[in-house]
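Asker:
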Amino acid sequence: FTPGLIQSIMERWWGRARLAERRESIEAGISAYLQGNQAGYLLCMPRLHADIDGIMKSQFYADTGKDRVRGQQKAWSRHFADLGVAAGGDETWLFLARHFQRSLEESFLAPFNIETGEIPPSRNSVLHGALGLEGYTRARALQAILILDQLCHYLPSADSSQEAQAPPDSST
């Protein structure tokens, strides 16, 4: 992923209101990633993880009117998978919305346990300050960029109504 490729990917993002409203913050995280060293990844991951968190929560709230729900992170990932299925038409769509949901839940949203030392490089361990320095890698920082790009494909465009129609509830 060259700086030019990342820049062209980012240009697509600004057509989505949820991403555009965080543009300065996202660009700061990407700039840190482009340093190409651990110090950059250390700055990139918390910044982009917080933005991903905010994007998922604010879109979930806009679509459902619910601020807090039991198992809220799984509810967010399920909601985005529903948006992806609705946007793509079926499970054969290249963006594989249900696989993305599983990846979010098993990797990005994975819990951590300090007692057992089980601390995966996830949103939770990064934003709660539990992840050791060895977890801040180029691959994990790039994962956050790829998650943002995937979310971009599921979000309504900036010129569409912010009151997007909620997808069918998959929890029933």
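Counting in my numbering, the sequence shown runs from 113 upward without gaps. Where is the CB? At the ideal position from N, CA and C, for every residue including glycine. It should be emphasised that the depicted structure is a prediction, and the values quoted were computed from it without experimental measurement.
Can you tell me where the alpha helix (DSSP H) with Ser143 in it begins and where it stops?
Answerer: Looking at the DSSP string, the run of the alpha helix (DSSP H) that includes Ser143 is Arg135 to Tyr145.
Asker: Decide if the region 159-169 is in contact with the region 258-271; the criterion is three or more beta carbon pairs, one per stretch, under 8 Å apart.
Answerer: Judged by Cβ distances under 8 Å, the region 159-169 makes contact with the region 258-271, as three or more pairs qualify.
Asker: Use the C-beta contact count for Asp194: other C-beta atoms within 10 angstroms, 16 or more gives buried, fewer gives exposed.
Answerer: By the 10 Å Cβ count, Asp194 comes out buried.
Asker: Is Leu260 closer than 9 Å to Asn236 when the C-beta atoms are compared?
Answerer: Contact: no.
Asker: Quick test of the definition: if touching needs 3 or more C-beta pairs under 8 Å, does the region 212-220 touch the region 182-197?
Answerer: Yes, the region 212-220 is in contact with the region 182-197.
Asker: Taking one C-beta from the region 242-260 and one from the region 139-155 each time, how about it: are there three or more such pairs within less than 8 Å?
Answerer: Yes, the region 242-260 touches the region 139-155.
Asker: Could you give the first and the last residue of the continuous alpha helix (DSSP H) run that contains Ser269?
Answerer: Run containing Ser269: none; DSSP gives neither H nor E here.
Asker: With DSSP run on the structure shown, which of helix, strand or coil describes Asn149?
Answerer: Reduced to three states, the DSSP call for Asn149 is coil.
Asker: Identify whether Glu285 lies in helix, strand or coil by the three-state DSSP scheme.
Answerer: For residue 285 there is no data in the structure shown, the boundaries of the chain being 113 and 284.
Asker: Out of curiosity, what's the CA-to-CA distance linking Trp188 and Asp163?
Answerer: Going by the C-alpha atoms only, they are around 14 Å apart.
Asker: Between the region 154-162 and the region 136-144, can you find at least three pairs of beta-carbon atoms closer than 8 Å?
Answerer: Result yes; three or more Cβ-Cβ pairs closer than 8 Å.
Asker: For Glu227, I'd like the list of residues in its chain whose CB is within less than 8 Å of its CB, leaving aside the five on either flank, ordered along the chain.
Answerer: Nothing listed; no residue qualifies.
Asker: Thinking just about the alpha-carbon of each residue, which of Gly116, Leu117 and Ile121 is nearest to the one in Leu263?
Answerer: The shortest C-alpha separation from Leu263 is found at Ile121.
Asker: Would you tell me roughly how many angstroms separate the C-alpha atoms of Arg134 and Glu230, rounded to the nearest one?
Answerer: Approximately 31 Å, taken between the alpha carbons.
Asker: Could you give the residue range of the alpha helix (DSSP H) that holds Arg128?
Answerer: Looking at the DSSP string, Arg128 is not in any alpha helix (DSSP H), and its letter there is neither H nor E.
Asker: For His240, count neighbouring C-beta atoms within 10 Å of its own C-beta (all shown protein chains included) and say buried if the count is 16 or more, exposed if not.
Answerer: Classification for His240: exposed.
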